[in-house]
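**Student:** So the sequence shown is residues 28 to 245, counted in the numbering used here.
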Amino acid sequence: MKRAVARVLVTGFEPFGGEDINPSWEICRDLPEAIGATRIHVLQVPCEFRAAIEVVAGEIERLEPALVLSLGQAGGRAAMSVERVAINVDDARIDDNAGNAPVDEPVASGGPAAYFATVPVKAMVAAMREADVPAIVSNTAGTFVCNHLMYGVLHFLAASGRDARAGFIHVPWLDAQALARPSEPSMALATMVRGVEAAIEAALTHATDLREGGGALD
Ligand code: PCA
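(1) Please state whether DSSP places Leu201 in a helix, a strand or coil.
(2) Considering Cα atoms alone, identify which of Ile87, Gly102 and Gly103 is closest to Leu96.
(3) Measure the alpha-carbon distance for Tyr178 versus Ala205 and round it to whole angstroms.
(4) Does the beta carbon of Cys55 fall short of 6 angstroms from some heavy atom of the ligand PCA?
(5) Under 6 angstroms: does the beta carbon of Gly169 sit that close to some heavy atom of the ligand PCA?
(6) Is Phe195 helix, strand or coil when you go by DSSP?
(7) For Asp47, which three-state DSSP category applies?
(8) What does the Cβ neighbour count give for Ser187, buried or exposed, with the cut at 16 atoms within 10 Å?
(9) Have a look at Leu201 and Thr218 and give me their C-alpha separation to the nearest angstrom.
(10) So, are the CB atoms of Arg34 and Leu70 less than 7 angstroms apart?
(11) DSSP state of Asp245, grouped into three classes?
(12) Measuring only from the beta carbon, is Ala101 closer than 6 angstroms to any heavy atom that is part of the ligand PCA?
(13) Straight-line CA distance for Val223 to Met155?
(14) According to DSSP, is Thr232 part of a helix, a strand, or is it coil?
(15) DSSP has Arg66 in a bridge; who is on the other side?
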């Protein structure tokens with residue numbers, strides 16, 4: 028019998044908030060087509076409540092990936108931030124790209140208060156640091172479209188009985204974006220790409236998470 032090739036779906040967002048680019052999508056564009064025997068599929072996601080989840084859920088149904096890793100821009104953060112948890116709240120400070128700004132609404136009414144990432148967050152952080160990429164476990168993905176998508180993907184996978192693992196990494200400004208805000212931290216695209224590759228490898232090879240590491244960059 029022919030063995031199915033394992034697939035990973037990596038998503039990045041379109042630009043939002045007045046930016047011309049979104050590092051999360053720039054990373055996707057630079058990822059290799061495969062890591063070992065695993066095919067890497069990338070998908071650009073609208074920065075819109077609801078539509079973001081629908082687009083990714085549709086691609087999950089099409090590809091049946093073993094791993095779904097979503098990326099999002101978190102300007103102002105200094106390190107690659109592997110999110111531990113997504114909460115059942117939409118609370119937008121700015122409009123999404125469709126002009127929606129929900130306030131204190133559930134992502135899924137009747138859904139659990141939160142989902143933990145089902146990827147090994149500490150192993151991913153350790154692997155990124157091993158690759159010389161500053162990385163940290165983050166305990167909040169915010170309450171905008173990124174948290175919404177992370178929650179929505181984990182909810183979709185759980186509700187549809189899929190055992191694919193899912194996680195989310197928030198990434199800093201790209202160097203080019205920081206030219207206009209020189210006192211804010213930024214990272215080179217190649218560094219972020221190297222980090223995401225290391226994180227994917229760690230997620231594929233660690234069935235359970237490490238017991239230490241991932242906290243403060245000390
Ligand atoms: N970052 C936003 C949404 C899209 C993105 O790239 C967030 O952190 O919610």
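Backbone N, C-alpha and C define an ideal beta-carbon position, used for all residues, glycine too.
**Tutor:** Walking through what the data contain:
(1) For Leu201, the three-state secondary structure derived from DSSP is strand.
(2) Relative to Leu96, the option among Ile87, Gly102 and Gly103 whose CA is nearest is Ile87.
(3) About 29 angstroms.
(4) Not under cutoff, so the answer is no.
(5) Correct: Gly169 has its Cβ closer than 6 angstroms to the ligand PCA.
(6) The DSSP-derived three-state label of Phe195 is strand.
(7) Three-state DSSP puts Asp47 in coil, outside helix and strand.
(8) Classification for Ser187: exposed.
(9) Near 10 angstroms, if we compare the C-alpha coordinates of Thr218 and Leu201.
(10) No, Cβ-Cβ distance for Arg34 and Leu70 is not below 7 angstroms.
(11) Bear in mind that the predicted position of Asp245 carries a pLDDT of just 43, short of 50, making it too unreliable to give a figure here.
(12) The answer is yes for Ala101.
(13) In this structure, the CA atom of Val223 is about 7 angstroms from the CA atom of Met155.
(14) It is helical.
(15) Partner(s): Arg34 and Ala61.
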